[in-house]
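Report on the following structure.
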Amino acid sequence: MNLMVDVPGHGRVVVDIAYGGAFYAFVSAEKLGLDVCSAKTRDIVDAASAVTEAVKAQFKINHPDSEDLAFLYGTILTDGKDAYTEEPTTNICVFADEQVDRSPTGSGVTARIALQYHKGLLELNQTRAFRSSATGSVFTGKAVREAKCGDFKAVIVEVSGQAHYTGTASFAVEDDDPLKDGFLLK
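This is the structure we're talking about:
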């Protein structure tokens, strides 16, 4: 929490790191000279990527249970409205290879709720809404109980949203297919 990061092109920026299935850096877009709701997507991606690379270069992330999870997956730029309100707070997630999530991001919302709870901005079972600035879709979530992860204080979080059925696929395997059981390249 409250890590001071030197971000090229933006100077020293306060960033929060939280885990919700993946580690994310959180920063108000305003601190990077952007409005998360109206900035051009390319500007958001560039700023979020600069934060991600700066955090990766300046801090080592540790996961108490799995070294495979000890890496920063991306940066979530927010509208800075972290204190509880019934109005949705808006964010956008830039992850992996500069991909933009169309949703508020399930693991990102989980991490953001944990962060807000840890900062005393959200109480247990207090539902908060999170809107994606990319599409306007909304997830809701709440911290439902306190927990421990290794030596760290944690919370169990519930997140919900809406999905739509998009299609089906059928696969067939022929008995004489020499690759029907798959293959492995080494």
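Numbering of the sequence shown is given in numbering that gives the first Met the number 0, commencing with residue 0 and proceeding in unit increments.
Note that beta-carbon positions come from the ideal geometry of N, C-alpha and C, so glycine has one too.
* To do: Reducing DSSP to helix, strand and coil, say where E29 ends up.
  => helix
* Taking the alpha-carbon positions, what's the Y72 to K30 distance? -> 20 Å
* Asked: Under 7 Å, do A153 and A146 count as touching if we go by C-beta distance?
  -> yes
* How would you write the range of the beta strand (DSSP E) that G73 sits in, first residue to last? -> 71 to 77
* Report the residue from V35, H9, F70, D45 whose alpha carbon sits nearest the alpha carbon of A17. => F70
* Asked: Is V44 helix, strand or coil when you go by DSSP?
  -> Helix, per DSSP.
* To do: Decide if V33 is buried, meaning its Cβ has at least 16 other Cβ atoms within 10 Å, or exposed.
  => The identity of residue 33 in the sequence shown is Leu, whereas the question assumes Val. Classification for L33: buried.
* May I have the straight-line CA-CA distance separating N1 from V13, to the nearest angstrom? => Across the structure, N1 and V13 are spaced so that their CA atoms are roughly 6 Å apart.
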